[in-house]
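Chains as they are written, first to last, in the working numbering: chain H, 1 to 121; chain C, 1 to 107.
Quick reminder that beta carbons are idealized off the backbone N, C-alpha and C, glycines included.
One structure is given here, and the rest of the page talks about it.
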Amino acid sequence: EVQLLESGGGLVQPGGSLRLSCAASGFTFTSYAMTWVRQAPGKGLEWVSGISGSGGTDTYYADSVKGRFTISRDNSKNTLWLQMNSLRGEDTAIYYCAKSFGGTYSPIDYWGQGTLVTVSS
Amino acid sequence: DIQMTQSPSSLSAFVGDRVTITCRASQSINTYLNWYQQKAGKAPKLLIYGASSLQSGVPSRFSGSGSGTDFTLTISSLQPEDFVTYYCQQSDSTPLTFGGGTKVEIK
Chain H
1 EVQLLESGGG LVQPGGSLRL SCAASGFTFT SYAMTWVRQA PGKGLEWVSG ISGSGGTDTY
61 YADSVKGRFT ISRDNSKNTL WLQMNSLRGE DTAIYYCAKS FGGTYSPIDY WGQGTLVTVS
121 S
Chain C
1 DIQMTQSPSS LSAFVGDRVT ITCRASQSIN TYLNWYQQKA GKAPKLLIYG ASSLQSGVPS
61 RFSGSGSGTD FTLTISSLQP EDFVTYYCQQ SDSTPLTFGG GTKVEIK
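Below you can see the structure in the form of structure tokens.
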């Protein structure tokens, strides 16, 4: 059974940093691209970032987070991260870790339960 | 970036009705179009991928069609559990943008 368990969310002041983690199990982690998607309170879904199965520099970002967020993965630990710096109020959202069907340009077939990030003073 | 526009943003219907939701891309995305269903307080669920392929376990009352820039999600006979929110997403190029969502409400 595929499981994705996010952690690391919480309350942070504007300008601060937070690192989200996603522990994956139930599938061959290195074979699949992974994604972060967020949802602001009462709003729609926003694709944030993606990384290929091999990781490294094969990473992609939404314009709204480029230069502030960094996605990475450790295939030996089946773990995905999202380092978020220079946080703003508009980054407040539930952040979902998600597994892609296959490569980077593929739909999402499994989602975590989400972790809430609140950016406020 | 490719913009995805869903319409309507909300609709009201009866149980048993046939409903159609439309998604339009700002440029051609071939058939790289996916549909998700999201219940309140839950993570989304993949319904349709590649514009028309039904994800495993999804009821056959859901269907998708389209190519290029115009796509539709059709629910042939609404069931009580279908009154939730639906999103389209393009997977042609990064960022893999979502539509704004369509909330289906019971009439």
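Close CB contacts of S25/H within its chain, under the 7 Å cut and outside five residues either way in sequence, are with Q3 and N78 (chain order). Burial state of K66/H is exposed, judged by a 10 Å Cβ sphere holding fewer than 16 other Cβ atoms. Contact holds between the segment 31-49 of chain H and the segment 81-97 of chain H, because three or more Cβ pairs, one in each stretch, are under 8 Å apart. Within chain C, the residues placing a beta-carbon under 7 Å from that of S106/H are S91, ordered along the chain. Annotation: Cβ neighbours of F101/H in chain C (cutoff 7 Å, chain order): Y49. Across the set S31/H, M34/H, G44/H and W36/H, the C-alpha of G44/H shows the shortest separation from the C-alpha of Q37/C. In the DSSP assignment, Y105/H falls outside any beta strand (DSSP E), carrying neither H nor E. Scanning chain C for C-beta atoms nearer than 9 Å to the C-beta of G50/H yields T94, P95 and L96, reported in chain order. Looking at the backbone, the Cα of G68/C and that of S121/H are separated by about 45 Å. The alpha-carbon separation between G16/C and Q113/H amounts to approximately 31 Å. If you look at F69/H, you'll find it in the beta strand (DSSP E) that goes F69 to D74. Assignment of T30/H by DSSP, reduced to helix, strand and coil, places it in the helix class. Taking 8 Å as the cut-off, the beta carbon of W36/H is found no closer than this to the beta carbon of A43/C. For G112/H, a Cβ of chain C is located within less than 8 Å of the residue's own Cβ. Taking a 10 Å sphere around the C-beta of P59/C, we find fewer than 16 other C-beta atoms and assign the residue as exposed.
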